[in-house]
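Everything on this sheet refers to the single structure shown next.
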Amino acid sequence: MSRYKCLSCGHEFEAKKENPQSLAKPRQCGKCWGYFVVPLEEYQRCKARAEEWIATKPLGIIPLWDVIRGVFAERGLRLSPRKTLRLCEYIYHEIKREKGWKF
Ligand SMILES: [Zn+2]
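Counting from 1, one number per residue, gives the positions in the sequence shown under the numbering used here.
Here it is, written out as structure tokens:
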């Protein structure tokens, strides 16, 4: 069983059946029925790497797009550009909220 995260409402859930057919279909959130759903583990890796970037690099733009593409590629997973963009926005807002950035 794998856990997933919805990028529309933040809901985290477990996918009960893992089979090739269900993997081919886009996963849907059981709470808001949104399709912006990503594996939770990859989501956490992307976020951790973005935070690491902030902590170790001088001020600048976080290359979130590259971070996310990199994490998914390493795991042998593909993410559509629309989902990548959505994930960029989501992680950026999460980090901003957690760090209390006002801009
Ligand atoms: Zn949702």
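All C-beta atoms in this analysis are idealised placements derived from N, C-alpha and C, irrespective of residue type, glycine included.
{"query": "Count the other CB atoms, across all protein chains shown, that sit within 10 Å of the CB of R86; report buried if there are 16 or more and exposed otherwise.", "result": "buried"}
{"query": "Keeping to the same chain, check which residues put their C-beta closer than 8 Å to that of E51; ignore five residues upstream and five downstream.", "result": "I95"}
{"query": "How would you label C32, buried or exposed, when you count the other beta carbons within 10 angstroms and need 16 or more for buried?", "result": "exposed"}
{"query": "So which of C9, G100 and C46 has the shortest CA-CA distance to A79?", "result": "One detail in the question is off: residue 79 reads as Leu in this sequence, not Ala. Checking every option, the nearest Cα to that of L79 belongs to C46."}
{"query": "What is the chain-ordered set of residues for which the beta carbon lies under 5 Å from any non-hydrogen atom of ligand 1?", "result": "C6, S8, C9, H11, C29, K31, C32 and G34"}
{"query": "Considering just the uninterrupted stretch of the alpha helix (DSSP H) at Y90, what are its terminal residues?", "result": "P81 to K99"}
{"query": "Evaluate E98 with the Cβ neighbour count: other Cβ atoms within 10 Å of its Cβ, from every protein chain shown; 16 or more gives buried, anything less gives exposed.", "result": "exposed"}
{"query": "In whole angstroms, what separates the C-alpha of A55 from that of G70?", "result": "19 Å"}
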